[in-house]
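J.: My questions will all concern the structure given below.
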Amino acid sequence: KKRIGIMTSGGDAPGMNGAVRAVVRTTIAMGCESYGIYEGYEGLVQGGDMIKQMFWEDVRGWLSEGGTLIGTARCMSFMQRPGRLQAAKNMITRGIDALIICGGDGSLTGADKFRDEWPSLVAELVERKELTAEQVEPFKHLNIVGLVGSIDNDMSSTDATIGCYSSLQRICQAVDFIDATAFSHQRAFVIEVMGRHCGWLALMAGVSTGADFVFLPEKPPAENWEEDMCMIVKKHRELGKRKTIVIVAEGAHDLELQKISPTKVKDLLSKKLGLDTRITTLGHVQRGGTACAYDRMLSTLQGVEAVKAVLDAKPDTPSPIIAIIENKIVRKPLLEAVKLTNEVADAIAAKDFARAMSLRDAEFAE
Ligand code: F6P
């Protein structure tokens, strides 16, 4: 029976458990065996109890659960060849030659690199007499399929990553709570949201909550943003608004490219407009909680497709990620998706905001 491993890696995201559930059950339904790799790449390197066969009932109730129940970790040893050698040995001794990884761009790039290196790792294991030629014979190729799990929605080639809509929902709920108190006191709030280099969460939260102003990593505000923001907020107040919400994406100031910070925005609102202003950093609350309906649906459909992609794979097919484009679950080349994703981050780092925006626009146009 073919044995397929499933792992979650990088920052957890709601919907990851739904993906594991779908992969485990589809693997079993297709007549194969499913193996959960615990604690991300750490489990692959350590082997033993960290690689467990999973059965149908093991994932009962996982669809709505937040976080990842098989754990995740940032694994240093997998970055080094000896770690990957040990990981390859653990996989072969457990009879696993296919891995489905649910994670962000870094985790998926690591997986593809592992696949590239696989033949040389296997050869070295035989050379070192850790495994025999007969043992490795059925394990000539490693099969990798990626599921994109991240709250940031920062991966190119897919309209949504598993977890981003749950996180957006959480942010909207939090802003609604803040709205109530802001309204009562006629206050202004500067709310910082996650997203790393990507402004999707901030932008969509701004749209969904009717925020007064939003700061994004991809689009630096105009030179005179201070006047702009104050003018807009003032106008909204004159129209009768009792509260002010300004959303700052963490990437808009973490990179220190744009001279913005929640404190600076707060000072402007209070000193220039005389508004009683508070700062709220939403933090990890944005990553927790149950998966919303969209993430349950996405993780399930994509988990099923991931197993199909494993079973369809030929040794020379490039590793795919499972994407969703215009409501269709599709396979896209993993390396291409990562390359496009990195291009946006590089453009922001190089302060080439026009390019960053045009790359994001191109994604939407696609
Ligand atoms: O990638 C998900 C994410 O939550 C980002 O939005 C954020 O920048 C980062 O992870 C936080 O990482 P950590 O949980 O390691 O602090």
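If you're matching positions, the sequence shown starts at 16 in the UniProt record's numbering and goes up one per residue. All C-beta atoms in this analysis are idealised placements derived from N, C-alpha and C, irrespective of residue type, glycine included.
(1) Taking all protein chains shown into account, decide if Glu207 is buried (16 or more other Cβ within 10 angstroms of its Cβ) or exposed.
(2) In the DSSP assignment, the beta strand (DSSP E) including Cys117 goes from what residue to what residue?
(3) Mark Leu218 as exposed unless 16 or more other C-beta atoms lie within 10 angstroms of its C-beta, in which case mark it buried.
(4) Going by other Cβ atoms of all chains shown within 10 Å of its Cβ, with 16 needed for buried, is Pro232 buried or exposed?
(5) Please give me, in chain order, every unbroken run of the alpha helix (DSSP H) with length at least 4 that falls completely inside the stretch 241-287.
(6) When the cut-off is 8 Å and only beta carbons count, does Leu84 lie next to chain B?
(7) Is the CB-CB distance between Phe351 and Leu374 below 8 Å?
(8) Name the residue from Asp194, Phe192, Asp310 whose alpha carbon lies nearest to the alpha carbon of residue 7.
(9) Using a Cβ-based criterion (distance less than 7 Å to any ligand heavy atom), does Asp361 qualify as near the ligand F6P?
(10) I want to know whether the stretch 124-143 touches the stretch 93-104 - three or more CB-CB distances under 8 Å.
(11) Could you check whether the Cβ of Gly26 sits closer than 7 Å to any heavy atom belonging to the ligand F6P?
(12) Could you tell me which whole beta strand (DSSP E) segments of length 3 or greater appear in the stretch 28-98?
(13) First and last residue of the beta strand (DSSP E) that includes Lys144?
(14) Pair every Cβ in the stretch 340-351 with every Cβ in the stretch 185-194, then say whether three or more of these pairs are closer than 8 Å.
(15) DSSP three-state label for Gly20, please.
(16) Quick one: does the C-beta of Ile166 sit closer than 7 Å to a heavy atom of the ligand F6P?
(17) In the stretch 199-230, which residue ranges form an unbroken beta strand (DSSP E) of at least 3 residues, counting only runs that do not cross its ends?
(18) Spatial neighbours of Leu146 within its chain, please: CB distance less than 7 Å, with the 5 preceding and 5 following residues excluded, ordered by chain position.
(19) List the endpoints of the continuous alpha helix (DSSP H) containing Asn357.
T.: Looking at the atomic coordinates:
(1) buried
(2) 111-118
(3) buried
(4) By the 10 Å Cβ count, Pro232 comes out buried.
(5) 266-269
(6) Of the protein chains in the structure, only one exists, and it is not chain B.
(7) According to the sequence provided, residue 351 is Glu. The question's Phe does not apply to it. Contact: no.
(8) Here the chain comprises residues numbered 16 to 381, so residue 7 is not present and cannot be evaluated.
(9) For the ligand F6P, no non-hydrogen atom lies closer than 7 Å to the CB of Asp361.
(10) yes
(11) Within the cutoff, so yes.
(12) 48-52, 66-69
(13) Run containing Lys144: none; DSSP gives neither H nor E here.
(14) no
(15) strand
(16) yes
(17) 203-208, 228-230
(18) Lys104, Ile107, Leu140
(19) 349-364
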